[in-house]
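Participant:
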Amino acid sequence: MSTNQRGLGRGLDSLIPIGKDEPRVADGPTNELKISLIVPNPHQPRCNFDEEMLKELADSIREHGVIQPLIVSKEGKEFILIAGERRLRAAKLAGLESVPVILRSTKEQQKVELALIENLQREDLNVLEEASSYKKLIDDFSLTQEDVSKRVGKSRSAVANALRLLSLPVEVKRGLREGLITEGHARVILSLPTLEQQISFYNQIISGKLNVRQAEAKIKSGISIEKRELSIELRDIQEGLTKTLGSKVTIQKKGNGGKIIIEYYSDEELEEIVKKISN
Numbered sequence: 134m135s136t137n138q139r140g141l142g143r144g145l146d147s148l149i150p151i152g153k154d155e156p157r158v159a160d161g162p163t164n165e166l167k168i169s170l171i172v173p174n175p176h177q178p179r180c181n182f183d184e185e186m187l188k189e190l191a192d193s194i195r196e197h198g199v200i201q202p203l204i205v206s207k208e209g210k211e212f213i214l215i216a217g218e219r220r221l222r223a224a225k226l227a228g229l230e231s232v233p234v235i236l237r238s239t240k241e242q243q244k245v246e247l248a249l250i251e252n253l254q255r256e257d258l259n260v261l262e263e264a265s266s267y268k269k270l271i272d273d274f275s276l277t278q279e280d281v282s283k284r285v286g287k288s289r290s291a292v293a294n295a296l297r298l299l300s301l302p303v304e305v306k307r308g309l310r311e312g313l314i315t316e317g318h319a320r321v322i323l324s325l326p327t328l329e330q331q332i333s334f335y336n337q338i339i340s341g342k343l344n345v346r347q348a349e350a351k352i353k354s355g356i357s358i359e360k361r362e363l364s365i366e367l368r369d370i371q372e373g374l375t376k377t378l379g380s381k382v383t384i385q386k387k388g389n390g391g392k393i394i395i396e397y398y399s400d401e402e403l404e405e406i407v408k409k410i411s412n
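Here my numbering = 1-based position in the sequence shown + 133.
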């Protein structure tokens, strides 16, 4: 197991309670279960599976069988898949009618955590799928970013940075999902204050085939960005607010009005900003 895998939160075993009175599918720690009885985990974060890798896994399963059991939980007459969707899909491709499983009793929150951790341990999730899972844990179970970071074995800043990607324009997220740009490109694009600028610069990255360093250089030089120059007075105000609040502040002038955008990357930072403004 790699260092990254060892560091993924509490891991699968510690999240799934194992008890003596736990119901069994059949006798023994590992049991055979018909594939037709297994229902996919509704909390599965992965939306896309590499077809070529599934075929390779299916070939291996035909020759050696499913070596590592799937994990399921029983709900009524159904068995919900908790961990092992790639193995299940590959087993279907291999023509198997049943697979080895271990039955576990899990709560709803644990199902989300397990689906996320299982994917992180075995195959990198698309960063947007990863971010969506973090958001689900936060929204559905009232967890903080700190709570999520501990459960999945990531730093709080890594969780916060992933969540920021969800605010990208739809077109940019599609490009990131399809591999047209990297996560590094996406972070550069996020540094632009408006959706219009983000979409425009995304198109420039694609058409110019810019790598991340080239994209960063263009942002710094200001060559590629159409923006209104702020007056010296407004620039001073912008810098003063940034220093006072301890977060990036952007002033956007439009006619006689405009916008003041204050960036924050966690609930804790937001609370600090609100306190400073209130005082």
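Built from N, CA and C at the ideal position, the CB exists for glycine as well.
Identify, in the order they occur along the chain, each residue of the same chain with its Cβ nearer than 8 Å to the Cβ of Gln371, setting aside the five sequence neighbours on each side.
Facilitator: Indexing the sequence shown from 1 puts residue 371 at position 238. Leu363, Val382, Thr383, Ile384.
Participant: Counting pairs of Cβ atoms below 8 Å between the stretch 310-318 and the stretch 274-281, do you hit three or more?
Facilitator: no
Participant: Excluding sequence positions up to five away, which residues of its chain have a Cβ less than 8 Å from the Cβ of Ile339?
Facilitator: Sequence index remark: in the sequence shown, residue 339 carries index 206 (1-based). Same-chain partners within the cutoff: Gly308, Leu313, Ile314.
Participant: Ordered along the chain, which non-local residues of its own chain (more than five positions away) have a Cβ less than 6 Å from that of Pro156?
Facilitator: As a working mapping, residue 156 is identified with position 23 in the sequence shown. With a pLDDT of 37 at Pro156, under the threshold of 50, the modelled position of that residue is not reliable, and the figure given next carries that caveat. The answer is none, since no qualifying residue turns up.
Participant: Tell me the DSSP secondary structure of Gly161 in three-state form.
Facilitator: The residue you call residue 161 lines up with position 28 of the sequence shown. Caution is warranted here: a pLDDT of 37 is assigned to Gly161, below 50, making its placement in the model unreliable, and the coordinate value is therefore given only provisionally. Here Gly161 sits in coil by DSSP.
Participant: Express the C-alpha separation of Gly317 and Ala295 in angstroms, rounding to a whole number.
Facilitator: Residue numbering aside, residue 295 sits at position 162 when the sequence shown is read from its first letter. Residue numbering aside, residue 317 sits at position 184 when the sequence shown is read from its first letter. Looking at the two C-alpha atoms, the distance is approximately 11 Å.
Participant: As an exercise, report each continuous beta strand (DSSP E) stretch of at least 3 residues that is fully enclosed by the stretch 328-411, in chain order.
Facilitator: 382-387, 390-395
Participant: Starting from the C-beta of Arg289, find all residues in its chain whose C-beta is less than 7 Å away, skip the five residues before and the five after it, and write them out in chain order.
Facilitator: Looking up residue 289 in the sequence shown gives position 156. Correct list, in chain order: Gln278, Glu279, Ser282, Ser399.
Participant: Which residues in the same chain as Leu190 place their Cβ atom closer than 6 Å to its Cβ, once the five residues preceding and following it in sequence are excluded?
Facilitator: For the purposes of this step, residue 190 is taken as the residue at position 57 of the sequence shown. These residues qualify, in order along the chain: Ala223.
Participant: For the alpha helix (DSSP H) holding Ile271, just list the boundary residues, first then last.
Facilitator: Taking the first residue of the sequence shown as position 1, residue 271 is located at position 138. Segment 260-274, the alpha helix (DSSP H) holding Ile271.
Participant: Could you compute how far the alpha carbon of Glu263 sits from the alpha carbon of Ser411?
Facilitator: By one-based count along the sequence shown, residue 263 stands at place 130. By one-based count along the sequence shown, residue 411 stands at place 278. C-alpha separation (whole angstroms): 35 Å.
Participant: Can you find the residues in the same chain that come closer than 7 Å, C-beta to C-beta, to Lys268, ignoring five residues on each side of it along the sequence?
Facilitator: If you number the sequence shown from 1, residue 268 lands on position 135. Counting only Cβ-Cβ distances below 7 Å, and skipping sequence neighbours, we find Leu296, Leu299.
Participant: Leaving aside the five residues before and after Leu328 along the sequence, list all residues of the same chain whose C-beta is less than 8 Å from its C-beta, in chain order.
Facilitator: As a working note, residue 328 is residue 195 in the sequence shown. So the qualifying residues of the chain are Pro302.
Participant: Span of the alpha helix (DSSP H) holding Ile194?
Facilitator: If you number the sequence shown from 1, residue 194 lands on position 61. First-last of the alpha helix (DSSP H) with Ile194: 184-197.
Participant: Taking the CB atoms as reference points, tell me whether Arg220 and Val199 lie closer together than 8 Å.
Facilitator: Position 87 of the sequence shown holds residue 220. Position 66 of the sequence shown holds residue 199. Yes, they are a contact pair.
Participant: Between Val234 and Leu203, how many whole angstroms is the CB-CB distance? I'm expecting something under 8 Å.
Facilitator: Here residue 234 corresponds to residue number 101 of the sequence shown, with the count starting at 1. Here residue 203 corresponds to residue number 70 of the sequence shown, with the count starting at 1. Rounded, the Cβ-Cβ distance is 5 Å, consistent with contact.
Participant: Which residues in the same chain as Arg195 place their Cβ atom closer than 6 Å to its Cβ, once the five residues preceding and following it in sequence are excluded?
Facilitator: The residue you call residue 195 lines up with position 62 of the sequence shown. Excluding positions up to five away in sequence, the list reads Ala227.
Participant: Taking Arg237 as the reference, give the member of Gly379, Leu170, Ala216 with the closest Cα.
Facilitator: Here residue 237 is taken as the residue at index 104 of the sequence shown, counted from 1. For the residues Gly379, Leu170, Ala216, the minimum Cα distance to Arg237 belongs to Ala216.
Participant: Candidates Phe212, Glu208, Phe182: which alpha carbon is nearest Glu165's?
Facilitator: Counted from its first residue, the sequence shown places residue 165 at position 32. The candidate whose alpha carbon is nearest that of Glu165 is Phe212.
Participant: Let's test the definition: count the other Cβ atoms within 10 Å of the Cβ of Gln201 and tell me whether it reaches 16, buried, or not, exposed.
Facilitator: In the sequence shown, the residue the question calls residue 201 occupies position 68. Flag for Gln201 reads exposed.
Participant: Below 8 Å CB to CB, which residues in the same chain sit around Glu396 once its five sequence neighbours on both sides are set aside?
Facilitator: Mapped onto the sequence shown, residue 396 falls at position 263. Correct list, in chain order: Ser380, Lys381, Val382, Thr383.
Participant: Determine whether the beta carbon atoms of Ile413 and Ser231 lie at a separation below 8 Å.
Facilitator: Residue 413 is absent from the model: the chain starts at 134 and stops at 412.
Participant: How is Ser324 classed by DSSP in three states: helix, strand or coil?
Facilitator: Taking the first residue of the sequence shown as 1, we reach residue 324 at position 191. It is coil, neither helix nor strand.
Participant: Are Val292 and Ile332 close, meaning C-beta to C-beta below 8 Å?
Facilitator: The residue you call residue 292 lines up with position 159 of the sequence shown. The residue you call residue 332 lines up with position 199 of the sequence shown. No. Outside cutoff.
Participant: State the Cα-Cα distance for the pair Glu127 and Lys342, rounded to the nearest angstrom.
Facilitator: Only positions 134 to 412 of the chain appear in this structure, which leaves residue 127 out of reach.
Participant: On the DSSP letters alone, give me the boundaries of the alpha helix (DSSP H) that Ala293 sits inside.
Facilitator: Start at 1 with the first residue of the sequence shown, and residue 293 comes out as number 160. Unbroken alpha helix (DSSP H) run through Ala293: 289-297.
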